[in-house]
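Asks: Heads up, the sequence shown is in the numbering used here, so the first residue is 414 and it goes up one at a time.
Ideal placement from N, C-alpha and C gives every residue a C-beta, glycine not left out.
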Amino acid sequence: MVTWLPNGSDLPQLFSQLPDSVWYFMNLFLVPYGITLLLSAHFTRFIIRRIPLIG
């Protein structure tokens with residue numbers, strides 16, 4: 414059952430299977446920038462909640 418779970422090495426392979434038209438629109442709508450922005454916002458929120466006087 415554990416072998417059915419995806420692992421991290423499958424992720425680059427999945428992105429390499431996307432057609433060029435999908436990559437074009439992902440770059441047009443700044444999806445990579447948005448993902449980076451969301452991850453940094455969640456990380457910042459996590460850190461701020463750990464500060465006793467602020468969080």
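To the nearest angstrom, how far is it from the Cα of PHE438 to the Cα of MET414?
Replies: Each residue's alpha carbon lies about 36 Å from the other.
Asks: Grab the span of the alpha helix (DSSP H) containing PRO445 for me, first residue to last.
Replies: Segment 444-463, the alpha helix (DSSP H) holding PRO445.
Asks: Name the two residues that bound the continuous alpha helix (DSSP H) containing LEU441.
Replies: Unbroken alpha helix (DSSP H) run through LEU441: 433-441.
Asks: Would DSSP call LEU418 helix, strand or coil?
Replies: Coil at LEU418, not helix or strand.
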